[in-house]
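This report refers to the structure that appears directly beneath it.
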Amino acid sequence: MARSPDRRPGFSRRAQYGIFTGYVIAVVGVVAGLVVLGVSMFNPEAFAFARTTASEVARPLGQAGAETRSASQGVFAAIGAYFNAGRQNAALTREVQAARADAVTMHALQQENARLKALLGIIDPQFKPVTGARLIGSTATSTRRFAVLSVGTHQGVQTGQPVRAAGGLIGRVVETGPDTARVLLVTDPDNVVPVRRASDGLTAFVQGGANGKIEIRLINTGVATLHVGDVFVTSGSGGLYPPGIPVAVATQPHRDGATGHLASDPADADFVVVLPAWQANAQAALVAAQKAAPPPPADDNTP
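Written out as structure tokens, the structure reads:
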């Protein structure tokens with residue numbers, strides 16, 4: 001006999017018991033939940049033990065999750081740093097190059113300020129200089145030794161005026177233009193400077209050589225001996241150079257005097273001061289002598 005197609009539970013006592021049991025369990029669960037909710041609201045500490053137990057049970061899982069998050073963040077940070085490293089290195093390289101350029105510029109400014117301060121320190125308020133100037137050219141290789149200044153007659157420069165740097169005497173003006181002047185350096189063979197030894201006043205004169213060096217020659221030979229390191233300054237004789245300007249230092253003494261080097265090398269001087277002649281009549285005599293003499297040969301490399 002075929003089974004009846006009617007599947008309603010009313011025809012199965014077992015199915016009816018199952019449905020009833022499900023309803024009872026659901027109602028009991030709802031009631032138990034309401035009771036627990038009520039107890040937790042009015043007495044929160046009642047389930048503290050249960051919460052603590054649950055936390056202890058879930059602690060390993062929580063630690064594992066935290067470590068996983070930390071590790072993943074570290075990996076992402078490392079990846080980001082790797083891609084940003086090139087850009088950061090390029091930026092740091094540009095900053096280092098700019099800092100080096102600024103340091104070089106600052107060093108150059110400090111050196112220039114030191115030279116200018118040294119020039120200001122040699123100016124005697126009672127003996128006012130004519131003007132300050134920059135050396136814009138000098139003899140490179142020649143038997144004659146000249147330099148060119150960035151000032152001329154418009155600034156009051158005249159033929160015969162001494163020129164000095166912070167370290168000592170450079171030479172004297174021999175030609176002037178509106179805004180430039182030509183200086184005959186102390187190292188030129190035609191430039192003779194009366195000097196005296198700074199320590200005791202021993203008289204001598206300094207004359208340039210064709211090789212760019214200078215010779216210190218005593219006025220009276222055989223009365224004194226020069227030593228290495230003797231400093232010679234202008235004596236004021238002749239009335240052209242003011243007394244007391246450093247000129248030369250003895251390096252190789254010999255019977256008639258010594259070979260020496262300049263107290264101020266023109267090659268190392270950027271700024272100089274043009275001074276008035278010590279005595280006006282001496283300057284006038286020098287100008288007259290230069291007009292009567294033939295002009296110097298133009299065999300130097302002065303620009």
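If you count the sequence shown from 1, position 165 lands on 165 in my numbering, and the numbers rise without skipping. C-beta: ideal position from N, C-alpha, C; glycine also.
Check, Outcome
"Gly18 by DSSP, collapsed to three states: which one?", "helix"
"The beta strand (DSSP E) with Leu275 in it runs from where to where?", "First-last for Leu275: undefined, no H or E at that position."
"By the three-class DSSP mapping on this structure, what secondary structure does Arg255 have?", "coil"
"Run through the DSSP bridge pairs and tell me what Gln161 is partnered with.", "According to DSSP, Gln161 bridges with nothing at all."
"Which class does Ile25 belong to by DSSP, given the choice of helix, strand or coil?", "helix"
"For Val233, count the other beta carbons within 10 Å of its own beta carbon; 16 or more makes it buried, fewer makes it exposed. Which is it?", "buried"
"Between which two residues does the beta strand (DSSP E) holding Ser203 run?", "Ser is not the amino acid found at residue 203; the sequence shown has Thr there. Its beta strand (DSSP E) spans residues Thr203 to Gly208."
"Mind reading off the beta-carbon distance from Gly152 to Thr187? Whole number of angstroms is fine, and I expect it under 8 Å.", "Wrong, their Cβ atoms sit about 23 Å apart, outside the cutoff."
"Under 8 Å: do the segment 213 to 221 and the segment 187 to 205 share three or more Cβ pairs, one atom per stretch?", "yes"
"Would you kindly work out how many angstroms separate the C-alpha atoms of Pro266 and Gly238, rounded to a whole number?", "23 Å"
"Would you kindly work out how many angstroms separate the C-alpha atoms of Gln88 and Val96, rounded to a whole number?", "12 Å"
"What would DSSP say about Phe232, mapped onto helix, strand or coil?", "strand"
"The beta strand (DSSP E) spanning Ala181 covers which residue range?", "Ala181 to Leu185"
"Determine the DSSP secondary structure at Val247, reduced to helix, strand or coil.", "strand"
"Based on Cα-Cα distance, which residue from Leu169, Glu175 and Leu226 lies nearest to Arg197?", "Leu226"
"Let's see if you can read the secondary structure: which residues bound the beta strand (DSSP E) around Arg172?", "Leu169 to Thr176"
"Does the distance from the C-beta atom of Gly208 to that of Arg145 stay below 8 Å?", "yes"
"Near Gln279, which residues of its chain fall below 8 Å by C-beta distance, leaving aside the five closest residues on each side in sequence?", "Gly239 and Leu240"
"Could you compute how far the alpha carbon of Pro246 sits from the alpha carbon of Ser235?", "10 Å"
"DSSP three-state label for Thr153, please.", "helix"
"At what residues does the beta strand (DSSP E) containing Gly238 begin and finish?", "From DSSP, Gly238 is part of no beta strand (DSSP E); its letter is neither H nor E."
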